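Contents: one structure, followed by commentary.
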Amino acid sequence: MPPKFDYSDLRILEGLGKYGPRNVTGVARKLGLPAETLRKKLKRLTSQFFLKFNANIYHTYLGLKKALVFAEAAPGYEDLLFNCLRQNDFWISLVRCYGTFEGCVGVFTVPNDHCVEFEQFLEEMVKLGAARKNQVFWCTCFHAIHSRCKWFDRKSKTWNFRWDKWIEKIPNEDTELPYTLVDPKDFPIKGDYTDVFILKELEKDATTSFTDIAKMLGVSPQLIGYHYRSHLIKRGILESFEVADFRFGTTTSNFFFFLFKFDSAEKLNKFASSLLDKPFVRTLGKVLGQNALYGYIYLPKPEFRGFIDHLSKLIRTGFLQSYSYAIQDLQKSSRQTISYEYFRHGAWIYDHKKHVHNIHNLVKQNAPELHTN
Amino acid sequence: MWDEKTKNGGEKLNLKTALLLLMIFFASTVTTITMAIKSPTPDGFSATETAFATHSLESGKVELAGDPIDNPLVGS
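So the protein lines, in turn, are chains A and B.
Counting from 1, one number per residue, gives the positions in the first sequence under our numbering.
Counting from 1, one number per residue, gives the positions in the second sequence under our numbering.
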């Protein structure tokens with residue numbers, strides 16, 4: 001039987017997400033634990049479970065706009081579509097998905113002045129026949145949710161999903177959202193190459209030392225420390241940290257990409273606020289200029305129906321307008337860091353012609369029957 | 001005589017002091033220049049720059065865009 005997290009494990013993981021995994025002594029102090037105890041527990045947790053610590057970038061402050069893409073594959077060309085999407089240099093997550101449609105879900109961080117070209121890139125895949133439909137939702141940065149202990153029963157060491165109580169409280173929730181879920185006014189570039197390089201290393205492993213990063217860049221650790229504190233933290237470019245785990249088990253749970261639509265901003269805000277402390281939500285993002293919310297939802301398989309039933313109730317009471325979702329195929333999911341190679345002299349290099357040329361080549365090589373059509 | 005000796009001695013001392021000051025000044029300048037040559041600037045790229053230069057953007061074959069993250073879960 002696979003090992004399970006207990007309450008103290010979850011409390012530690014929640015703390016590491018909230019306060020960041022770089023200062024274990026500081027996290028121990030916040031949690032009221034001796035630092036050595038926390039180090040020992042962490043060692044045990046990392047040896048027993050899948051655990052990853054990654055940094056979350058506030059891409060808005062690097063001039064990048066987040067695009068959430070739902071790409072429906074033309075039957076027979078599912079993998080081709082996945083590889084076509086990879087041809088754009090600015091993807092950060094690409095997964096095969098199933099459920100409502102067979103295809104891909106992609107997250108891209110597109111330089112703000114190249115959004116039109118990005119949409120043309122997606123249209124090109126439809127024209128070539130690799131995709132039936134590509135839908136893009138321009139979003140705010142994704143807000144990470146660290147909650148793990150809520151709804152967890154210490155005695156039985158299981159979660160108790162209180163769906164009824166959740167929807168009951170939504171109308172009384174806060175209407176103020178964190179800045180990460182508010183449409184940004186602009187997309188300034190607040191960082192330099194060193195900042196971007198540090199971020200991409202912390203995206204891979206948030207515990208990487210300044211000394212190691214300094215060696216990669218051939219500069220002093222003090223300089224890396226300066227960039228970290230005075231640029232990344234002070235200017236808000238480094239938004240938060242995330243702890244990745246499979247607390248509901250790997251084979252007994254699923255990850256979903258949900259899109260929730262509302263008829264007013266107030267309803268959206270209340271709904272989003274209700275999710276900020278829930279253990280089944282990993283990230284949230286608001287669709288720019290619309291009353292729509294993206295949610296990366298993590299559920300034990302038996303709880304899926306309960307969640308859907310309660311969304312259905314919210315629709316009947318007029319709180320929610322509609323919802324749609326795709327299920328992540330973990331067997332075919334890729335993720336990569338910010339495209340630091342394309343950041344030069346304080347600006348992003350976005351080569352639209354190359355992206356389009358690459359997908360044409362890919363289709364020509366792998367599906368010549370489509371290319372001749 | 002006494003005055004002259006003192007004057008000459010004083011001139012020699014001034015010359016020595018000037019030379020010493022000059023040496024100190026140049027020593028620090030030379031050190032600064034050496035350090036500047038040896039230490040890369042904050043925006044120096046080392047291995048990354050080399051990799052980027054080798055695989056030029058124009059080739060269209062290279063897919064250098066970020067580093068892979070060993071985590072299948074979608075980030076923030």
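Glycine included, each C-beta is placed from N, C-alpha and C at the ideal position.
Computed from a predicted structure; not experimentally measured.
Check your understanding: Of the residues that make up the stretch 85 to 106 of chain A, which ones have a beta carbon closer than 9 Å to any beta carbon in chain B?
Key -> R86, Q87, N88, D89, F90, W91, I92, S93, V95, V105
Practice item. Would you be able to state if there are at least three C-beta pairs under 8 Å between the stretch 58 to 74 of chain A and the stretch 202 to 221 of chain A? Key: no
Check your understanding: Looking at C-beta atoms only, is the number of pairs between the stretch 284 to 293 of chain A and the stretch 235 to 243 of chain A that lie closer than 8 Å three or more?
Key -> no
Check your understanding: From V105(A) to K353(A), what does the alpha carbon distance come to, in whole angstroms?
Key -> 23 Å
Practice item. Report yes or no: is there a C-beta of chain B within less than 8 Å of the C-beta of K200(A)? Key: yes
Point to revise | Three-state class that DSSP yields for S8(A) in the structure shown | key: helix
Check your understanding: According to the Cβ coordinates, are R404(A) and E72(A) closer than 8 Å?
Key -> The structure shown does not extend to residue 404(A), since chain A is modelled only from 1 through 373, so no value can be given for it.
Review point. What is the residue span of the beta strand (DSSP E) that N134(A) lies within?
Key: 131 to 139
Exercise for review: Report back the beta-carbon spacing between N23(A) and H355(A) to the nearest angstrom; my notes put them in contact at under 8 Å.
Suggested key: Actually they are not in contact, since the Cβ atoms of N23(A) and H355(A) sit about 40 Å apart, beyond 8 Å.
Review point. Which parts of the stretch 209 to 275 of chain A are runs of the beta strand (DSSP E), unbroken and 3 residues or longer, counting only runs that do not cross its ends?
Key: 238 to 244, 253 to 261
Practice item. Using a Cβ-Cβ cut-off of 8 Å, state whether A18(B) counts as contacting chain A. Key: no
Exercise for review: Pull up the distance between the alpha-carbon of T37(A) and that of S47(A), whole angstroms please.
Suggested key: 16 Å
Review point. Of all the residues that make up the stretch 51 to 64 of chain A, which are near chain B by a beta-carbon distance shorter than 7 Å?
Key: K52, N54, N56
Review point. Does any residue of chain A bring its CB to less than 8 Å from the CB of L14(B)?
Key: Reading off the sequence, residue 14(B) comes out as Asn, not Leu. Output row for N14(B): interface = no.
Practice item. Determine the extent of the beta strand (DSSP E) in which D113(A) is found, giving its start and end residues. Key: Taken as a continuous stretch (DSSP letters only), D113(A) belongs to no beta strand (DSSP E), as it is neither H nor E.
Point to revise | Candidates S253(A), Q336(A), K332(A), Q365(A), of which the one nearest I297(A) by Cα | key: S253(A)
Exercise for review: Mind the definition here: the stretch 264 to 277 of chain A touches the stretch 167 to 179 of chain A only if three or more C-beta pairs lie below 8 Å; say whether that holds.
Suggested key: yes
Practice item. Look up T283(A) in the DSSP assignment and give the residues it is bridged to. Key: A144(A), Y296(A)
Check your understanding: Can you name the start and end residues of the beta strand (DSSP E) that N361(A) belongs to?
Key -> Where N361(A) is concerned, there is no enclosing beta strand (DSSP E), although the alpha helix (DSSP H) it sits in stretches over 352 to 366.
Check your understanding: What are the start and end residues of each continuous alpha helix (DSSP H) run of 4 or more residues lying completely inside the stretch 64 to 99 of chain A, in chain order?
Key -> 78 to 85
Practice item. Consider the Cβ of Q336(A): report whether some Cβ of chain B lies at a distance smaller than 8 Å. Key: yes
Check your understanding: Roughly how many whole angstroms lie between the Cα atoms of D153(A) and Y294(A)?
Key -> 28 Å
**Study point:** Cβ-based burial, T158(A) [other Cβ within 10 Å; buried from 16]
**Key:** exposed
Check your understanding: Are the beta-carbon atoms belonging to P72(B) and L330(A) less than 8 Å from one another?
Key -> yes
**Study point:** Where V105(A) falls: helix, strand or coil (DSSP)
**Key:** strand
Exercise for review: Keeping to the same chain, check which residues put their C-beta closer than 8 Å to that of Y58(A); ignore five residues upstream and five downstream.
Suggested key: C141, T180, G236, I237, L238, E239
Check your understanding: Nearest to P111(A) by CA position, among S230(A), I189(A), H231(A), is which residue?
Key -> I189(A)
Review point. Listing by chain order, which chain B residues have their CB less than 9 Å from the CB of A144(A)?
Key: G75, S76
Exercise for review: Could you tell me if the beta carbon of L288(A) falls within a distance shorter than 7 Å of some heavy atom in the ligand COA?
Suggested key: Absent from the structure shown: the ligand COA. Ligands present: none.
Exercise for review: Give the interface partners of R282(A) over in chain B, defined as CB-CB distance under 8 Å, in chain order.
Suggested key: L73, V74
Review point. With a CB to CB cut of under 6 Å and the five nearest residues on each side skipped, what residues in its chain are close to Q135(A)?
Key: F70
Review point. Per DSSP, what kind of secondary structure is Q48(A) in: helix, strand or coil?
Key: helix
Check your understanding: Who are the Cβ neighbours of A292(A) in its own chain at under 8 Å, not counting the five residues just before and after it?
Key -> F137, L259, F260, K261, F262, L268, K286
Point to revise | A347(A) - partner residues in DSSP beta bridges | key: R344(A)
Check your understanding: Which residues of chain B have a Cβ atom closer than 8 Å to the Cβ of Y77(A), listed in chain order?
Key -> The contacting residues do not exist; Y77(A) stays about 20 Å from chain B at best.
Practice item. Could you tell me the boundaries of the alpha helix (DSSP H) in which K313(A) lies? Key: 304 to 316
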